[in-house]
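A short worksheet on the structure shown next.
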Amino acid sequence: MASIGYHASHEQFKPSELLRYASLAAQHGFTFINSSDHFHPWSKRQGQSGFSFAWLGAAMYAVPLPFGVVCSPGQRYHPAIVAQAAATIAEMFPDRFWISVGSGEALNERITGEKWPAKAERNERLKTSVDIIRSLFRGETVTHHGVVNIEEAKLYTLPLSPPPIIGAAVTAETAEWMGNWADGLITVSAPLPDLQKVVDAFYRGGGKNKPMYLKVQLSYDKTEEGAMRGAYDQWRTNIFAGTVLADLWKVEQFDALGEMVQPHELTKMINISPDLDVHANHIKNYIDMGFEKIVLHNVNREQELFIEDFGRYILPKLNASQNKM
53 MASIGYHASH EQFKPSELLR YASLAAQHGF TFINSSDHFH PWSKRQGQSG
103 FSFAWLGAAM YAVPLPFGVV CSPGQRYHPA IVAQAAATIA EMFPDRFWIS
153 VGSGEALNER ITGEKWPAKA ERNERLKTSV DIIRSLFRGE TVTHHGVVNI
203 EEAKLYTLPL SPPPIIGAAV TAETAEWMGN WADGLITVSA PLPDLQKVVD
253 AFYRGGGKNK PMYLKVQLSY DKTEEGAMRG AYDQWRTNIF AGTVLADLWK
303 VEQFDALGEM VQPHELTKMI NISPDLDVHA NHIKNYIDMG FEKIVLHNVN
353 REQELFIEDF GRYILPKLNA SQNKM
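Residue numbers for the sequence shown follow our numbering, so the first one is 53 and each next one is one higher.
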């Protein structure tokens with residue numbers, strides 16, 4: 053049975069606000085929380101960039117749900133630090149935490165002053181980082197030299213069971229590559245034929261019996277105009293291909309690119325509607341594709357309205373529909 057979670061968007065809201073929204077989501081029937089991880093927002097209009105790992109400790113203490121976080125080990129985060137942070141969280145909150153890993157975006161990772169590598173090198177760095185993290189989770193002393201350097205590192209605080217490492221992919225090529233080494237897949241919503249290609253590629257690469265998570269980008273408000281206006285204001289910088297999103301590195305560049313986007317172009321990548329039945333049907337389609345965790349990200353700023361209305365109407369409807377199957 054698929055579960056429905058709330059997405060905590062650190063690039064859009066202050067950490068204190070996100071604590072309140074996560075608690076409200078739990079009260080209204082959402083069953084897990086997914087956290088972004090940004091050093092810079094995608095747009096000055098979003099305007100925030102709280103530190104996700106600091107937030108997780110407070111949020112998981114306050115809200116008794118499973119949590120996940122996305123991060124990119126290898127440049128801004130050394131994999132040993134990711135392993136230490138994840139092991140600490142998992143020790144405090146057993147079986148309530150997972151980590152999603154991707155090759156990253158220059159917007160966040162380039163702050164170190166190191167060069168921003170090509171995609172193939174970023175993938176190599178990601179896989180090496182994951183291998184290091186898993187070795188540290190096993191209590192091993194790790195030394196490695198190459199695209200990532202680490203010497204005589206050992207974790208002394210370990211959880212009873214390590215958190216799952218979920219591969220974050222937006223293309224079929226990356227999903228297929230992750231199929232044989234990630235513990236599962238997380239991707240973002242797209243037109244169903246495109247999404248099916250990602251699913252098929254993950255299966256083809258070895259992920260057939262592994263869990264799949266989906267982050268659904270939507271904009272809900274009381275009116276069509278409000279839903280479109282909110283999406284356009286907050287998320288028009290985020291609808292481009294992954295190759296564009298990964299390689300731009302200034303907030304100002306994203307805002308300049310966003311000026312060329314017309315409102316109707318958003319509907320391909322964002323489910324925009326004031327109609328709760330429309331959103332419920334979208335989610336049902338994703339469940340039918342095999343996604344077992346559906347992360348709902350309302351990209352506009354009307355978070356309380358979204359949490360309350362979806363909790364009152366959509367979550368019970370989806371649960372009833374699944375119980376009939």
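Where a beta carbon is used, it is the ideal one built from N, C-alpha and C, also for glycine.
Same chain, Cβ closer than 6 Å to residue i, neighbours up to 5 away in sequence not counted
i: G462; result: Here the chain covers residues 53 to 377 and nothing more, so residue 462 does not appear.
i: R148; result: P118
i: Y265; result: I238 and K345
Contact check, residue i vs residue j, beta carbons under 8 Å
i: D307; j: S95; result: yes
i: P215; j: I151; result: yes
i: P93; j: E69; result: no
i: S187; j: S155; result: no
i: A227; j: F254; result: yes
i: W301; j: A139; result: no
i: N175; j: W233; result: no
i: G294; j: T223; result: yes
i: I218; j: G198; result: no
i: K369; j: A332; result: yes
Given residue i as reference, the closest of the options once Cα atoms are compared
i: Q286; options: I133, V351, W107 and T226; result: V351
i: Y129; options: P118, Q98 and F91; result: F91
i: E311; options: S271, N290 and F84; result: N290
i: R288; options: P315, Y272 and V296; result: P315
i: F65; options: S55, F84, Q79 and S104; result: S104
i: D340; options: V115, P131, W168 and L247; result: L247
i: S101; options: S75, S61 and K167; result: S61
Collapsed DSSP secondary structure at residue i in the structure displayed
i: T195; result: strand
i: S104; result: helix
i: W94; result: coil
i: Y208; result: coil
Neighbour-count burial assignment, residue i, 16 or more Cβ in a 10 Å radius
i: Y208; result: exposed
i: V303; result: buried
i: N337; result: exposed
i: L244; result: exposed
i: M280; result: buried
i: Q127; result: buried
Contact with chain C by residue i, beta-carbon distance below 8 Å
i: Y113; result: Included in the structure is just one protein chain, with no chain C present.
Nonlocal neighbours in the same chain, by C-beta distance under 7 Å from residue i, ignoring five residues either side
i: L212; result: P146
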